[in-house]
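Report on one structure; see the data block that follows.
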Ligand SMILES: Cc1ncc(C[n+]2csc(CCOP(=O)(O)OP(=O)(O)O)c2C)c(N)n1
Ligand SMILES: Cc1ncc(C[n+]2csc(CCOP(=O)(O)OP(=O)(O)O)c2C)c(N)n1
Ligand SMILES: [Mg+2]
Ligand SMILES: [Mg+2]
């Protein structure tokens, strides 16, 4: 698989209508792989839709949709292995679930239940799981970047065969964290992939107000790093580029910056009103002409791997799985009030012991 | 004057031996200008030498030499006008003095006397002067960068005809401040010159350990900004490039990054021991073959503007001026103990009033 | 100076509206006032405090910034030194920390280190505090950091009227002010507030409720909780005085001493964790200066000494029960 | 685990040497201990704490970093989560602030927000404090910020023996520790300290001097000043007990209460500005829990509430005169 270095035309494997525009065979993916990939896209969208409803019902306090970015998230997570580390951001549940987070856990996270691996301790933008090498995403935009680089430095020091991927948005590239993380990654030649999902907005701020370059990917050069610009709505292209960078990192050939050019359909989060800043027609264009799921379905169809009947069966199946996952989450208890003091330190300090007594008295337990 | 955009060969007007390698006439400098420039170089070196002695005598607690960087500092400060703002760093006294700081004030700063415009309130790495539009240099590496950009934004907002120059070192480019400042400058097309003195070391850390690019100047592209690499030991080249960028900023054509490639002769500061990290022979090479003062003197000689006699007269003259400035500084009183509480806020708070009484009691005044 | 056109005398306003009104009045009166922050332009800020401002004052004075708090605060410092009066919005105060260095190393110390030549007449305004299901990074009350930084002033209003008047005073003040807006009560209450600019002085506390048995000292969103607790205790014959500090740095020594001398019992209420919290300062001040008045322990009520939780916010935040227990602890000493 | 070879039993050491010895012993014993910071490689750190370490342990474990505290602390967090025990050196604690966000938003909260799954066994060690003609940015004592951050531990030794033992305990601790090294006394005193690793437990104060009239509570470089003040007052018949807190978060409640109960008089001594300072916490704790023992006001002594000066350092820093005046203030109440 040959990935050419940065140009300002996004790397594509599929045309917008799904027809292959590059040699997809070189990816070495089987029919089963394709079918799994498609299922993951559809599943991620279904989870997203369901969460949106939870928020509207007032049952979840916060939600950042990934709709529109499924190919970007899934395509970049698939090349990773168990020993690899993944740092998500506030909009990466698609990737987290590929790494192993269960949908039921994600729903529990939305609902603040004990099945949530973070046990309801985080605003629901993504929990971590230690056994998956997946720290809880940072709320403070950009904080995960230097951490991911530190983990990659540790992987090098400990001669681990794992690598690290780190997700962040276009807006995050303006923070000092991006700069410092990029520089450390390059200076230490660390096995890390810095994966920027450029969905063109940071809340209301468009990329051209965020920075004065046309792309994010070209910024890599300022660090002596390789940068790649990929069409983030093209699952195969995202997969190919990420796989390339993962192999490179594993081979000790250092870090890469990937810009995945995509678009979010929802408002920034459940607290946002995107009609205030989105130009008319833009969303409609992306939804109808650039949708990553439709594009991959068309690809499958072009390869005679998909038809209406298969689609219907899949939707039924996915719907059932989503319902089951949500039910599991709902069956999970809310955290006990007394646990609010747990996990501040490895052990209770004298001060926290004192507070534990006060809290018990207050709660009458 | 035509300045070509970034290449990784530093822009030069003079060969190392002082012969012009470009058309110096296009700079429009008169013989008087040349002679003043030379005097400033020699004067700066003399002040530097004198401060070094003050430190060795234990009379000054801290000093960061500029020796070796005189052309870089003076050449970049000369194109500025009174209404322009200058943000120095911990090693910019050469520039501050061109902007108008008196040598006597600088010595008073070293000694912590009242003639110091900062009245002994700063470790002596550079005082500010409000009437010169010159804030006190930041101690925290990089902090001045976003401030300078903010000032330039204000200049734009208030339609001032001033511009801003901001000095920092190669090491400072690793801080988030550099990144954020560069990005803001480019996004707002602010009238600012970001002037990096690359003296190849940040204390002991060589540039190749600091960042993975060969130059600093090339980083400008990552912000959609113009970058220039100039031979920082070539006074005319530094002058020409800075003048170009100043004119550009004044014309509303936005910010520039200038990398001035130079070398420091002294240890990082009076607290440093540079033998621990400097490769043998390096310093000697720079001192004997790249010295900015020698180079400019040779240029003058090549133009038949200088000879031994003039040199001797100048040295006598400069020595006297330096001695006079130091004497003035020494004649200045040390700050009164009771003033330690002044200038925390615009007015004394009740808490500080209380402390004023306590301090008076403690001092028995 | 332009004048603000006044049609009616007052407007019924939430705190968000009051803050917005302060911004509009000051920006109208003083062309040197500008505001900058993330999403404050067409989006109007995530809480709509700056809604419509960009249309009124233009892009030069209402500056949508890249996502970098270091740049927001740093640029504000550079603007303020130049002579503007920037009002920097930090979207949530939890996100101030990428720019913390600029605030504590630069804004706070510029006047001192330049011997009064340069100073930073700037405001950093930001929503703070819990009670909105915001979890660990949209709920914090980090006033302790700011109060521990000489050179900064720290202000936190508890109602719309004060919010407007205190913000105007903060903008006009020649020192850097951290203006903490209790987001929990952004839309909790409406008050008639004067149209046109007015000042509520910095450094002056207000008695939110007179009482004689115990002094409950607090600020911001906790004032309402204090009043609720006071009402709760009234039937039990406990008469609580509630002091709303309004300015935390410099705090109002006289008002504190007056109420302590009056009641002899002190409860200090904040949302933040207790350890190392701001109320430690007030306790220390009283224990040094007013110990002769004390008839019981000084009791602090705060959040627990943990990061701010999400699902268990209720178990975390101070509540009427916790406050009344504290009051009884000092009264029954 | 490798073992440390012990030739003599003790070595006469300054605090710098003690800290260096702790680093060498722990890095020898535990291959997961690494250290990173500016100029810590061939330069050996600006105070020579890491002198020679890069030759002993190689570039992978003694990591000279680019000039970016955000990266130093951020990378340390990522290393610690992975399973290393990074010791990050911040050249002067005044320069921690570009990385403050990573410390308070991430290191401190990682365990809590992941419900105990991820945590950060890391140490941020840094020289702090005044008395070295360092001016406003090489002299600060910002412990108040760290203590106000649940999830962090804060340690400050006052002598070489404690420095080594406390640093080893901090490295072995599973929580993030800010280890503040009083640079004023880096080379002030030599003590015989054990060769080979030993622990001084976190969270335990030490009585630096027994006394019965007044409890002078302090830490770090101020312990020496406290002892000097105690000697000064001895001829006047005032017997001062000096408590060296050693760990500021979690502080030693029992030790504090024991000395307060014993003497009934409290003076709290720190270098930092008083307002919002760490000692406010101790005052509040005593005023809540031990008020019945108090026979006079709790008096705080600190730096003034200004930024740290340069030329007037002497007028700024606590001195024997200031401490003795405070002691008399509470004794003569
Ligand atoms: C340091 C910080 N500043 C501000 C915020 C508020 N905030 C949350 S997400 C966001 C925009 C992020 O944009 P981008 O990085 O493009 O990611 P996207 O949301 O588009 O996926 C902002 C401003 C924050 N969480 N952290
Ligand atoms: C934020 C911060 N970190 C560390 C320091 C300590 N320090 C002072 S100068 C310096 C090196 C600066 O190198 P560079 O930017 O190249 O400037 P130079 O000294 O070479 O002129 C360091 C590490 C500091 N002052 N501020
Ligand atoms: Mg985005
Ligand atoms: Mg340098």
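Protein chains in written order, with this note's numbering: chain V, 1 to 365; chain X, 1001 to 1365; chain C, 2001 to 2333; chain F, 3001 to 3333. Beta carbons: idealized from backbone N, C-alpha and C, even for Gly. Just so it is clear, the structure is predicted and the values come from calculations on it, not from any experiment.
With a 10 Å radius around its C-beta and 16 neighbouring C-beta atoms as the bar for buried, classify residue 9 of chain V as buried or exposed.
Answer is exposed; the Cβ neighbour count stays below 16.
Does DSSP classify residue 3093 of chain F as helix, strand or coil?
Three-state DSSP puts residue 3093 of chain F in a helix.
For residue 1183 of chain X, go through chain C and note every residue whose CB falls closer than 8 Å to its CB, in chain order.
Going along chain C in sequence order, the residues near residue 1183 of chain X (Cβ under 8 Å) are 2066, 2068, 2071.
Is residue 1331 of chain X close to chain F? Criterion is C-beta to C-beta, closer than 7 Å.
At a cut-off of 7 Å between C-beta atoms, residue 1331 of chain X does not count as an interface residue with respect to chain F.
Using 8 Å as the cut-off, can you tell me whether the segment 3212-3220 of chain F makes contact with the segment 3257-3271 of chain F, which would need three or more C-beta pairs spanning the two stretches below that distance?
For the pair of segments examined, the segment 3212-3220 of chain F was found to touch the segment 3257-3271 of chain F: the number of CB pairs separated by less than 8 Å reaches three.
Can you tell me where the alpha helix (DSSP H) holding residue 51 of chain V begins and where it ends?
Residue 51 of chain V -> alpha helix (DSSP H) spans 31-56.
Which residue's Cα is closest to the Cα of residue 159 of chain V: V:191, V:172, V:170?
That would be V:191, whose Cα lies nearest to the Cα of residue 159 of chain V.
What ranges does the beta strand (DSSP E) occupy inside the segment 51-133 of chain V, keeping only unbroken runs of at least 3 residues that lie completely in it?
For the segment 51-133 of chain V, whole beta strand (DSSP E) runs of length 3 or above, ordered along the chain, are 85-87.
Looking at chain C, is there any beta carbon in it that lies within less than 7 Å of the beta carbon of residue 3041 of chain F?
No Cβ of chain C is located within less than 7 Å of the beta carbon of residue 3041 of chain F.
Give me the chain X residues within the contact set of residue 3136 of chain F, using Cβ-Cβ distance strictly less than 8 Å, ordered along the chain.
Going along chain X in sequence order, the residues near residue 3136 of chain F (Cβ under 8 Å) are 1121, 1122, 1123, 1139.
Can you have a look at residue 3254 of chain F and say buried or exposed, based on whether 16 or more other CB atoms are within 10 angstroms of its CB?
Looking at its Cβ environment, which holds fewer than 16 other Cβ atoms inside 10 Å, residue 3254 of chain F is exposed.
Starting from the beta carbon of residue 1174 of chain X, find every residue of chain F whose beta carbon is closer than 8 Å, and list them in chain order.
Within chain F, the residues placing a beta-carbon under 8 Å from that of residue 1174 of chain X are 3066, 3067, 3068, 3071, ordered along the chain.
Reduced DSSP category for residue 295 of chain V - H, G, I as helix; E, B as strand; rest coil
If DSSP states are grouped into helix, strand and coil, residue 295 of chain V belongs with the helices.
Fully enclosed by the segment 2103-2164 of chain C, which alpha helix (DSSP H) runs are 4 residues long or longer?
The qualifying runs are 2110-2113, 2143-2147.
Taking 6 Å as the cut-off, is the beta-carbon of residue 3098 of chain F closer than that to any non-hydrogen atom of ligand 2?
For residue 3098 of chain F, the distance from the CB to the nearest heavy atom of ligand 2 is below 6 Å.
With 16 other CB atoms within 10 Å as the buried threshold, where does residue 53 of chain V fall?
It counts as exposed.
Have a look at F:3161, F:3183, F:3139 and flag the residue whose alpha-carbon is nearest the alpha-carbon of residue 3190 of chain F.
The candidate whose alpha carbon is nearest that of residue 3190 of chain F is F:3161.
Residue range of the unbroken alpha helix (DSSP H) whose run includes residue 1181 of chain X:
Counting along the chain, residue 1181 of chain X sits inside the alpha helix (DSSP H) bounded by residues 1176-1187.
Between the alpha carbons of residue 3001 of chain F and residue 3129 of chain F, how many angstroms are there, rounded?
Here residue 3001 of chain F scores only 46 on pLDDT, less than 50, and its place in the model should not be relied on; the value that follows carries that caveat. The C-alpha of residue 3129 of chain F is placed about 36 Å away from the C-alpha of residue 3001 of chain F.
Quick one: does residue 3156 of chain F have its CB under 7 Å from some CB of chain X?
Under the Cβ distance rule, residue 3156 of chain F does not count among the residues neighbouring chain X, no pair being separated by less than 7 Å.
Beta-carbon distances below 7 Å to any heavy atom of ligand 2 define the shell here; list its residues in chain order, please.
Listed by position along the chain, the residues with Cβ atoms less than 7 Å from a non-hydrogen atom of ligand 2 are X:1064, X:1089, X:1090, X:1091, X:1139, X:1140, X:1141, X:1142, X:1168, X:1169, X:1170, X:1171, X:1172, X:1175, X:1197, X:1199, X:1201, X:1202, X:1203, X:1264, X:1268, F:3038, F:3039, F:3067, F:3069, F:3091, F:3092, F:3095, F:3098, F:3137.
Check this for me: beta carbons of residue 2176 of chain C and residue 2122 of chain C, under 7 Å apart or not?
Less than 7 Å separates the beta-carbon of residue 2176 of chain C from that of residue 2122 of chain C.
Is the shortest distance between the beta-carbon of residue 2093 of chain C and the beta-carbons of chain F less than 7 Å?
No, residue 2093 of chain C lies away from the interface with chain F (no Cβ there is under 7 Å from its Cβ).
Buried or exposed (CB count within 10 angstroms, at least 16 for buried), residue 3296 of chain F:
Residue 3296 of chain F is buried by the Cβ-count criterion.
Whole angstroms is fine: what's the gap from residue 2200 of chain C's alpha carbon to residue 1059 of chain X's?
Straight-line Cα distance between these residues: approximately 49 Å.
Using the three-state DSSP reduction, which class does residue 1303 of chain X fall into: helix, strand or coil?
Judged by DSSP in its simplified three-state form, residue 1303 of chain X adopts coil rather than helix or strand.
Looking at chain F, is there any beta carbon in it that lies within less than 7 Å of the beta carbon of residue 1147 of chain X?
By this cut-off, residue 1147 of chain X is not an interface position.
Runs of beta strand (DSSP E) wholly within the segment 2038-2069 of chain C (minimum 3 residues, chain order)
Annotation note: the segment 2038-2069 of chain C contains the following uninterrupted beta strand (DSSP E) runs of length 3 or greater, listed N- to C-terminal: 2062-2064.
Reduced DSSP secondary structure (H/G/I, E/B, other) of residue 1258 of chain X:
Here residue 1258 of chain X sits in strand by DSSP.
Give the interface partners of residue 3356 of chain F over in chain C, defined as CB-CB distance under 8 Å, in chain order.
One cannot answer for residue 3356 of chain F here, as it falls past the ends of chain F, which runs 3001 to 3333.
How long is the line joining the alpha carbons of residue 106 of chain V and residue 316 of chain V, rounded to whole angstroms?
Going by the C-alpha atoms only, they are around 20 Å apart.
Under 8 Å Cβ-Cβ, which residues of chain X neighbour residue 2119 of chain C?
Near residue 2119 of chain C (Cβ distances below 8 Å), the residues of chain X are 1346.
Against residue 118 of chain V, what residues of chain F qualify as contacts under a CB-to-CB distance less than 9 Å, listed in chain order?
Under the 9 Å cutoff, chain F gives 3113, 3114, 3115, 3117.
Residue 2198 of chain C, DSSP secondary structure in three states
Three-state result, residue 2198 of chain C: coil.
Indicate whether residue 92 of chain V and residue 68 of chain V have their beta-carbon atoms separated by less than 7 Å.
Their beta carbons are not under 7 Å apart, which means residue 92 of chain V does not touch residue 68 of chain V by this criterion.
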